[in-house]
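Below: the structure, in structure tokens.
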Amino acid sequence: MVKWIRVLYSDFSLFSKDQEFLISFADSFDYIEGFVIINRTGLLNNWRSSFNPKDPIQASQFNQMEKHCTA
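For the numbering used here, count along the sequence shown from 1 and bump the result up by 1481.
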């Protein structure tokens, strides 16, 4: 059986705490994934928007624009 859940976080410490909590259970999950997406206008309509490290403008503003996702 496969269970898939997507959750968006705006606080990295909460994101990492939840990830650590999920992986601490014995016999619970085989796989947990997390990634960062850019928080810009229309994010909810374009959730595939991801950070491109080659874009220096986005990179310089990264700390203010990040969202974290666990899937």
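For glycine and all other residues, C-beta sits at the position ideal for the given N, C-alpha and C.
Rounded straight-line distance, which links the Cα of residue j to that of residue i
i	j	result
ARG1487	GLU1514	10 Å
GLN1500	PHE1493	10 Å
ALA1507	SER1491	28 Å
PHE1510	TRP1485	11 Å
PHE1496	VAL1483	22 Å
Residue i Cβ short of 8 Å to the ligand NAD heavy atom set
i	result
ILE1504	The ligand content of the structure shown is nil, which means the ligand NAD is not present either.
Cβ-based neighbour list, residue i, same chain, cut-off 8 Å, excluding 5 preceding and 5 following
i	result
GLN1545	Caution applies to GLN1545, whose pLDDT of 48 falls short of 50 and renders its modelled position unreliable; the value that the coordinates give is listed next. Cβ within range, chain order: n/a, list empty.
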